[in-house]
Amino acid sequence: SRCLRLGKVLELRIVGVSGSDNIKSQSEVVKEYGEKSIILENGKYTAKLPWKPDFLPLPHNMELVKQRTGSVIRRLANKPDLLKMYGDIIMEQERRHFIEKVEETKLPTDRPVHYIPHHPVAKESSTTPIRIVYDCSCKDGRDNPSLNECLESHPPVMNDITGILMRFRAKKYATTSDLEKAFLQIQLDEKDRDATRFLWLSDPTNTSSPLITYRFKSVLFGATCSPFILSATLLKHFKENPGKLSDTLENGFICGQHFN
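Residue numbering for the sequence shown follows the numbering used here, beginning at 2 and increasing consecutively.
If you want it as structure tokens, here you go:
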């Protein structure tokens with residue numbers, strides 16, 4: 002019947018089987034992205050955002066983000082310690098060149114300009130009880146896309162977890178490690194940075210101070226494509242630096258964590 006035929010087609014698409022020769026495998030997507038969109042400059046990798054080929058224009062949503070940022074400031078103003086921590090996180094990101102200030106005098110016309118709201122989330126840590134979450138899924142009106150809707154959401158490259166667990170248990174000693182601020186270690190291409198703008202206080206100690214604009218210089222946590230970019234960058238690094246150590250690292254990674 003017609004319903005059965007449709008169901009069969011959907012099943013094939015779900016498992017990645019298609020009659021079209023234009024459908025690329027995950028390894029082909031990763032390889033092509035790594036060759037065209039990731040480069041090594043001065044010892045650091047720089048990546049382009051994987052924009053959808055037919056994405057709608059991103060709205061200049063500064064007013065919406067002003068309102069949401071103001072709401073966050075008012076909420077944090079009731080807890081001065083958390084407000085200071087929030088501001089310190091942003092200052093630390095700037096100090097480490099993960100973000101940079103932007104002058105609003107003249108908007109670029111050759112690239113998307115978009116603002117991302119952010120808010121605090123409680124974190125179970127004695128040293129840092131909050132973290133900043135950037136809402137890349139925020140929409141300015143029903144007909145305008147969010148940043149995440151304009152980006153490809155390819156799945157990250159994943160090693161076989163069964164194999165990792167077997168190797169992890171095979172030896173007398175096992176180790177685990179984690180890449181510190183893994184996404185932020187990858188620089189963002191210059192032409193993509195203005196799509197990751199956000200607002201914060203010019204003087205974090207004064208909640209009435211004017212808002213200033215920042216933008217990300219690095220791949221940010223919250224973008225739907227960030228796990229894919231990280232895994233593609235790691236894979237490119239391992240492939241271009243062959244050897245026993247690279248093989249060991251490549252075979253033990255899962256989303257920025259390594260098991261050996």
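For every residue, glycine included, the Cβ atom is placed at its ideal position computed from N, Cα and C. Given the structure is predicted, the values throughout are model-derived calculations rather than measurements.
So is residue i buried or exposed if we call it buried at 16+ other beta carbons inside 10 Å?
i	result
K245	exposed
Y87	buried
D111	exposed
P228	buried
C4	With a pLDDT of only 46 at C4, under the threshold of 50, the placement of this residue in the model should not be trusted, and no figure is reported.
R216	buried
A171	exposed
A123	exposed
K9	Because K9 carries a pLDDT of 45, less than 50, the predicted location of this residue cannot be relied on, and no value is offered for it.
D195	buried
S193	Per the sequence presented here, residue 193 reads as Asp, with Ser not at that position. By the 10 Å Cβ count, D193 comes out buried.
K173	exposed
P113	buried
What residues are listed by DSSP as bridge partners for residue i?
i	result
Y215	K102 and F199
E42	K45
L221	DSSP, once it has assigned bridges, lists no residue as partnering L221.
Q188	T47 and S219
One question on the structure: do residue i and residue j come within less than 9 Å of each other, judged by their Cβ atoms?
i	j	result
C226	P51	yes
E101	K218	yes
A233	V31	yes
P54	G142	no
Y135	T214	no
F184	F222	yes
L148	A48	no
Segment contact flag, the stretch 185-192 with the stretch 57-74, C-beta cutoff 8 Å, min 3 pairs: no
Which residue spans inside the stretch 94-178 form an unbroken alpha helix (DSSP H) run of at least 4? 162-171
The stretch 200-217 contacting the stretch 74-92, beta-carbon criterion three pairs below 8 Å: yes
Within the stretch 44-90, note down every full beta strand (DSSP E) run reaching 3 residues or more, in order along the chain. Taking 3 residues as the shortest admissible run, the stretch 44-90 contains the following complete beta strand (DSSP E) segments, listed from N- to C-terminal end: 45-48.
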